[in-house]
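Colleague: Residues 1 to 1201 (the UniProt record's numbering) are what the sequence shown spells out, left to right. Ideal Cβ placement from N, Cα and C applies to all residues, glycine included. Because the structure is a prediction, the values reported are computed rather than measured. Structure in structure tokens, see below.
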Amino acid sequence: MSKKEDVRKAFEEIQSGEWPPVRGIFHAAGVTDDKALAEQDKASIEKVYAPKVVGAWNLHEVCEELDLNKDLEIFLMFSSVAALLGNFGQANYAAANSCLDALTSWRRSIGLCGQSIQWGPWVEQGMAAGLRQHLDKAGMMGISNELGTRILQDVLKSPGQAIICAQALMWRKFLRRYAFDPPPFFSDVSTVTAVTFNNTIDLNSISKGALVEILVDVAQAVSGSAEKPNATTPLIDLGLDSLGAVEFRNSVAEKTGVKLPQNLMFENPSVEDIAEYILNRAKSPDGASGTRGTLVDTLQTSIDQWLMAVLVPAERYALYVDSLTSAYGSLSDMAAVEDIVGALEKLEVTASEDFDRLNVAWQELRDAYANRAEAAAAVKRKPRLAVRVPHPTEDVDSLISQLTFDVQALEPPTSPENYTTALLTGATGFVGRIQLSVLLEASDKLEVVCIVRAKDANHALDRIRQACKEAKCWKEEYCSRICPLSGDFTLPNLGLGEEKFEELSKKVDVVYHTGGDVNLLSNYARLRSSNVLCISGVIDFCTKNKLKPLHFASTLGQFPAFFCEFTGAYENYRITEDSRPTVEEMDAFYPPLRMGYPWSKWAAELVLCSAREKGLPVFLYRLPNTYVAYSTGYTNRTDYATALMISTIQEGIFPVGCAAAPLTPVDIICEMLVGVSFLKKPKHFVYHLFDPRAITREHLEVWSQELGLAYKGASVDEFLAAVKARGPESPVFKFVPLMQFMRKYWFDSEQRTDDFPIETKNIFDELPDAKWPDQRDVFKNSLLYSVQSGFFPKNSKAIRVDPEACLEDAKKLSGLDTLGEDHDYFMNPLRILKDSLLQESNPSFCGKLAMFRTVRQQLMNLMYMEKMRHQHPEIEQQEIKEPLIIVGLNRTGTTFLQNIMATDISNRSARYCEMIAPYGNNGEYCQKGLSNDPESWKHDPRIKFAQEVLDSQLALSEEWISIHAQSAELPEEDFVILEHCGRCYSICTEFNVPSYRKWLYANDFQEMKNAYKFHKRFLQHLQYQRVADRWLLKMPFHLFTLDALFETYPDARIIFMHRDPKDTLASWASLVRCAQQSLLDSVNPAELGKLELEAMSSMINRALEFRSSRPDLEDQILDVQYKDLIEDPLGTVSKIYSHFNIPLTEQARLRMAEFYQEDKKTRNKLSKHQYTLQDVSLTKAMVEEAFDQYYKSGLCKYLKK
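In structure tokens, the structure reads:
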């Protein structure tokens, strides 16, 4: 569009062809290049102006020059609301759209048609897709495709309207961007919309109960919780961090007109407390305006809290907190500044919106300090919600004094081998859900009582099920041994009621207290109830009627040395299992008013140790900051470590530092904990469940490269600069202040290479066979879980799809440097595929990673093959004789037939493990002349790597397995071979790549035909390694190119499977959709159905045409019906052998029969694959029409009516 000659050429081609005159032009081109105004430059302006402004002017001029205006009825330009309202960082974009509006006015002034729509953000695709939540907070309503289409139609029906703005606003939210002084422009706009009217609350007439309900809804919306919170629950218990509290405060102000004091949000109020405050505020003399109270409260906040209250969005505080804090120690210092504008300029605040907000708020801050007397009086009038919170040591003394049980009066504890009932708290938490599954697996006679905050038992079980499913540790049979109870262990009688408490106290044999609030940034007041005071109730339960061993999950985080990574003043510190941090060092490092979590576990331990001294069997397990499971890779997305991991992948760099126990896996922790709990006579009672091995920069870089990521260590300053530049989009952005505060411990010290000085001997004394898994495997499993769970943005810098990058990585990993003389033969398809993928498809992060890893391994395989070809020229002398090749439409039983026939060792099938890595993942698998017997295959080292590849690509979900069972040691289709040379239709089923598909089909499928020479070469390598009497191959896509297949293998014998396409196509489309959904961000089922209908019908028709043209080959082709195979598999196989004069030995029959029975058992355990043609917008009539030639051929004998 920015090149006038291209625009002219397009219109000239239309005029020269058989096209009617151009009646309408829609100009929708546009890109963004957002930067603060001070950072805009010529390049950023030209980038935005080129397609939008220059393009529009080119259209206007070409219409004039080619005399198109005489027929033109529509000249509609897609402008943006940014031209009217402006937007942060988009001065260039706003100006460009203003040009479109101006051109519209100019055209209309000279009698030409012209309209311009100032579009708001379209939220289903395009620039604003994925920004719904941000737009809502900004007070801007997004435009759906349906609404946008209606607006467009309305505009076209109203040619008299020139420039139309299409943007609905939530005015109260929107005007907050202007802080205290909205532009005069808005005084002429009616801001009383249905939205604001419905949100208005009359505080003079509303009841407290009704107000509480409204606030509960606000709290739920801000926290993102699926359940409504209890009105008596402290607000911060909903998981709101400081930024969430600010958002809640703003939402309340919008709904009620009352501004909650900033410090109120840090006093741990419940929703009921806040409702009471608002009502009291409304009744007070100055309640009509929250200004005075807000100014007074400002005096009591910190700089970071002040910034969060001033800036929108609040997350932007991280951009200025460091410079403000270093320049001014407190708000009182800031209030002494007279030249505020000069101070902001000196601090380099360049964003105009931020500058205005800070300027006004800073001036207000000065006014507040100038009126201290009045402010102090207002403080006295303010309701006080908080009472003095005891120091943790006071709670310890108080709770110990309440320990009055007498173990002599209780029944003795049950011996572990006789445990039948356990009680577990925290079953829906990160550790608890894993612990529950480990307990249920440890003993099949154990029932686990789980206390869960829920409406009833069914709701409690649903919460447990959902939590365990997320962690991939759920089995439905667990339901019969889980006793879910609606309760709350912070309440008297564990929230169960007296009767149930009494009943359980007689029944339960052992207690696992894992529940609690794990929030490192919460103060002690918030955590007292959930982490400390509740210990009294748990001890009461353990000492009621029967003595019950108590296993308590504590933390190593109570040690400042651990939190500081044993750096700085803690460099020579050692943590032993009989040690405990002193009150003095905790007070110094963990002020209870700021960091309560370490104190809460420290206090609980002291109370429990006192209970142990009185005879209660107590066992303490100190856990590190675990966030990942080894066996499943389950990763806690809400953890700081996960936020850091996502952000580092996003930037392609990670801050080099010293991280303790980031990969201590929670499932191994739970196995150790449960293992100790079942010991009859444990030797110890304090255990450090911690992997002390350090992880270095080199580890992370090597492991990441193996997984296909471009991921390098960098200085913390470089990383933080990247995070700040990205802003709130970065998951770790809100933790930047914490990282800055702890940087001297976490990042500024040299990285550790030796083990952390934490004693762990007790656990291995009890469980000598226990061990920590390979850290590489933990890292890999966590990363792949995160990929499959969609944690990483697809625009992350750590991911690449460029073929040259794949080749470069392949060279580094293989130590080789050439693909041989066929270099371009292998690379050209990859370049076409890459362009098609990025320009026409919508690959997810998972899809990009799968593509990169697959292509890189294939290129490594090719280089290994080239090396072996030179070293062993006899490989090319391998003769491929009379291969058996199974074809047919997909889902016609070809896989089952191949698997059952492959049990005959005289049939040499191509196994997945040897095709995915013929010479191993590192090129070291160099064998010759191995046999094809099952025992030999068992020891193939390539199986482990190949299974990892399978697991990481599609996660082998139950849905996928129910459609197409795969395993590394089993035979697989030849497409794995053909994808090495980039010439196989299977690639089109994994990714929606139209241009690549077109290239593949061109010239009568010539590129697919060009793959067969390589196909034979690949088989020669495999046959050199492991001998073959005859090959047994399978791939439906051979039907596209049977001519090339027979040209390469003239003596091939074809087994052609048949099944009604009305069945096969629905099943096949379902499989393709399942594959694409794991690799693409969006899949259009209707488009997919149409493409696969065309492809499969074309494939079968080409096969029929080939058979008609080559009757001489009919003896080499045997037609087999799917129905016959399923009803009598052994009989059907016997007929195949007979037709091709292949001897069927008794040993082969027995193996086939054994396989059939085992396969039937396996399939009976799987959920049945559900699919219909309607799922992909197809009908039976459409299938019958597309496959008309096939139906008429009579080859498929069993057809549905």
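If you draw a straight line from the alpha carbon of A50 to that of A28, how long is it in whole angstroms?
Modeller: On the sequence shown, residue 50 is found 50 positions in, with the first residue counted as 1. On the sequence shown, residue 28 is found 28 positions in, with the first residue counted as 1. About 13 Å.
Colleague: May I ask which residues mark the beginning and end of the alpha helix (DSSP H) holding Q966?
Modeller: Position 966 of the sequence shown holds residue 966. Per DSSP, Q966 belongs to no alpha helix (DSSP H) and is neither H nor E.
Colleague: Does the Cβ of L1086 have 16 or more other Cβ atoms within 10 Å, making it buried, or fewer, making it exposed?
Modeller: Start at 1 with the first residue of the sequence shown, and residue 1086 comes out as number 1086. A small correction: the amino acid at residue 1086 is Ala; Leu does not occupy that position in the sequence shown. Burial call: exposed.
Colleague: So, helix, strand or coil for V686, using DSSP?
Modeller: On the sequence shown, residue 686 is found 686 positions in, with the first residue counted as 1. Note: V686 maps to strand in three-state DSSP.
Colleague: By the three-class DSSP mapping on this structure, what secondary structure does C165 have?
Modeller: Against the sequence shown, residue 165 aligns to sequence position 165. Here C165 sits in strand by DSSP.
Colleague: Starting from S909, follow the beta strand (DSSP E) in both directions and report where the run begins and ends.
Modeller: Within the sequence shown, the letter at position 909 stands for residue 909. Its beta strand (DSSP E) spans residues 907 to 909.
Colleague: Using the C-alpha atoms, what's the distance from H391 back to P269?
Modeller: Numbered from 1 along the sequence shown, position 269 holds the residue referred to as residue 269. Numbered from 1 along the sequence shown, position 391 holds the residue referred to as residue 391. Going from the Cα of P269 to the Cα of H391 covers about 19 Å.
Colleague: Closer than 7 Å: is that where the CB of A722 sits relative to any heavy atom of the ligand PLP?
Modeller: As far as ligands go, the structure on display features none, and thus does not contain the ligand PLP.
Colleague: Compute the distance between the beta-carbons of V656 and S715, then report whether it is under 8 Å.
Modeller: The sequence position of residue 656 within the sequence shown is 656, counting from 1. The sequence position of residue 715 within the sequence shown is 715, counting from 1. Yes; because the gap between Cβ atoms is below 8 Å, this pair is in contact.
Colleague: Might you give, ordered along the chain, the residues of its own chain that have their beta carbon closer than 6 Å to the beta carbon of D904, omitting 5 neighbours on each side?
Modeller: For the purposes of this step, residue 904 is taken as residue 904 along the sequence shown, with counting starting at 1. Answer for D904: A1148, listed in chain order.
Colleague: In chain order, what residues of the same chain lie with their CB nearer than 6 Å to the CB of S841, ignoring the 5 residues before and after it?
Modeller: Indexing the sequence shown from 1 puts residue 841 at position 841. Closer than 6 Å at the Cβ level, and outside the excluded window around S841, lie F991, N992, V993.
Colleague: From L496 to S443, what distance separates their C-alpha atoms?
Modeller: Working through the sequence shown from its first residue, we reach residue 496 at position 496. Working through the sequence shown from its first residue, we reach residue 443 at position 443. Each residue's alpha carbon lies about 26 Å from the other.
Colleague: Hey, would you say S554 sits closer than 8 Å to T490, going by beta carbons?
Modeller: Along the sequence shown, one-based indexing puts residue 554 at 554. Along the sequence shown, one-based indexing puts residue 490 at 490. No; because the gap between Cβ atoms is not below 8 Å, this pair is not in contact.
Colleague: Buried or exposed: where does A288 fall if 16 or more other Cβ atoms within 10 Å of its Cβ makes it buried?
Modeller: Position 288 of the sequence shown, counted from the first residue, corresponds to residue 288. Annotation note: pLDDT 37 at A288 (below 50); position unreliable, coordinate value reported separately. That one is exposed.
Colleague: As an exercise, report each continuous alpha helix (DSSP H) stretch of at least 4 residues that is fully enclosed by the stretch 972 to 1030, in chain order.
Modeller: DSSP runs (the alpha helix (DSSP H)) wholly in the stretch 972 to 1030: 975 to 978, 986 to 990, 994 to 1009, 1012 to 1025.
Colleague: Tell me which same chain residues have a C-beta within less than 8 Å of the C-beta of K680, skipping the five on either side of it?
Modeller: Start at 1 with the first residue of the sequence shown, and residue 680 comes out as number 680. If we look at K680 and ignore the five residues flanking it on each side, its Cβ neighbours are S415, P416, E417.
Colleague: So for L424, helix, strand or coil by DSSP?
Modeller: Here residue 424 corresponds to residue number 424 of the sequence shown, with the count starting at 1. L424 falls in the strand class under three-state DSSP.
Colleague: Straight-line CA distance for D297 to Y328?
Modeller: Walking along the sequence shown from the start, residue 297 turns up at place 297. Walking along the sequence shown from the start, residue 328 turns up at place 328. Low per-residue confidence applies at D297: pLDDT is 46, beneath 50, and the placement is therefore not dependable, though the value from the model is reported in the following sentence. Spanning the two alpha carbons is a distance of roughly 19 Å.
Colleague: Within 10 angstroms of its Cβ, does E1007 collect 16 or more other Cβ (buried), or is it exposed?
Modeller: As a first step, residue 1007 is located in the sequence shown; it is residue number 1007 there, counting from the start. So E1007 counts as buried.
Colleague: Kindly indicate which residue of H551, Y478, E499, H459 has the alpha-carbon position closest to the one of L424.
Modeller: Position 424 of the sequence shown, counted from the start, is the residue given in the question as residue 424. Selected option, being the one with the closest Cα: H551.
Colleague: Cα separation between S579 and S796?
Modeller: Counting from one through the sequence shown, the residue named residue 579 turns up at place 579. Counting from one through the sequence shown, the residue named residue 796 turns up at place 796. Their backbone Cα atoms lie some 44 Å apart in a straight line.
Colleague: Can you look up Q118 in the DSSP assignment and give me helix, strand or coil?
Modeller: In the sequence shown, residue 118 corresponds to position 118, counting from 1. Q118 falls in the strand class under three-state DSSP.
Colleague: Express the C-alpha separation of E973 and R1151 in angstroms, rounding to a whole number.
Modeller: Here residue 1151 is taken as the residue at index 1151 of the sequence shown, counted from 1. Here residue 973 is taken as the residue at index 973 of the sequence shown, counted from 1. Their backbone Cα atoms lie some 21 Å apart in a straight line.
Colleague: What's the gap between the Cα of E447 and the Cα of D462?
Modeller: The residue you call residue 447 lines up with position 447 of the sequence shown. The residue you call residue 462 lines up with position 462 of the sequence shown. C-alpha separation (whole angstroms): 17 Å.
Colleague: Let's test the definition: count the other Cβ atoms within 10 Å of the Cβ of S105 and tell me whether it reaches 16, buried, or not, exposed.
Modeller: By one-based count along the sequence shown, residue 105 stands at place 105. Exposed is the call here.
Colleague: Using 10 angstroms around the beta-carbon of A914, count the other beta-carbons present and answer buried if the total reaches 16, otherwise exposed.
Modeller: Reading the sequence shown from its first residue, position 914 is the one you call residue 914. Residue identity check: residue 914 is Glu in the sequence provided, not Ala. When all chains shown are included, E914 counts as buried.
Colleague: Only counting the same chain, and skipping five residues up and downstream in sequence, which positions put a Cβ closer than 6 Å to that of D1188?
Modeller: By 1-based counting over the sequence shown, the position of residue 1188 is 1188. Answer for D1188: no residue qualifies.
Colleague: Starting from D456, follow the alpha helix (DSSP H) in both directions and report where the run begins and ends.
Modeller: Against the sequence shown, residue 456 aligns to sequence position 456. It is not in any alpha helix (DSSP H) - D456 carries neither H nor E in the DSSP assignment.
Colleague: H1139 lies in the beta strand (DSSP E); which residues open and close that run?
Modeller: Position 1139 of the sequence shown, counting from 1, holds the residue named residue 1139. Unbroken run through H1139 is the alpha helix (DSSP H), 1129 to 1139; no beta strand (DSSP E).
Colleague: Within 10 angstroms of the Cβ of P918, are there 16 or more other Cβ atoms? Answer buried if so, exposed if not.
Modeller: Along the sequence shown, read from residue 1 onward, the residue named residue 918 stands at position 918. Per the 10 Å Cβ criterion, buried.
Colleague: Assess contact between the stretch 1092 to 1099 and the stretch 1060 to 1071, defined as three or more Cβ pairs (one per stretch) separated by less than 8 Å. Is contact present?
Modeller: Touching, per the Cβ criterion.
Colleague: Taking the beta carbon of A611 as the centre, do at least 16 other beta carbons fall within 10 Å, making it buried, or is it exposed?
Modeller: Here residue 611 corresponds to residue number 611 of the sequence shown, with the count starting at 1. A611 should be labelled buried.
Colleague: Could I get the ranges of all uninterrupted alpha helix (DSSP H) runs contained in the stretch 618 to 687, with 4 residues as the minimum, in chain order?
Modeller: 640 to 651, 666 to 677, all fully within the stretch 618 to 687.
Colleague: So what does DSSP say about E447, is it helix, strand or coil?
Modeller: Working through the sequence shown from its first residue, we reach residue 447 at position 447. The answer is strand: DSSP assigns E447 an E or B state.
Colleague: Quick check on DSSP: helix, strand or coil for T555?
Modeller: On the sequence shown, residue 555 is found 555 positions in, with the first residue counted as 1. Looking at T555 - three-state DSSP - the assignment turns out to be strand.
Colleague: Determine the direct distance from the alpha carbon of S16 to that of S109, and round the result to whole angstroms.
Modeller: Position 109 of the sequence shown, counted from the start, is the residue given in the question as residue 109. Position 16 of the sequence shown, counted from the start, is the residue given in the question as residue 16. Each residue's alpha carbon lies about 31 Å from the other.
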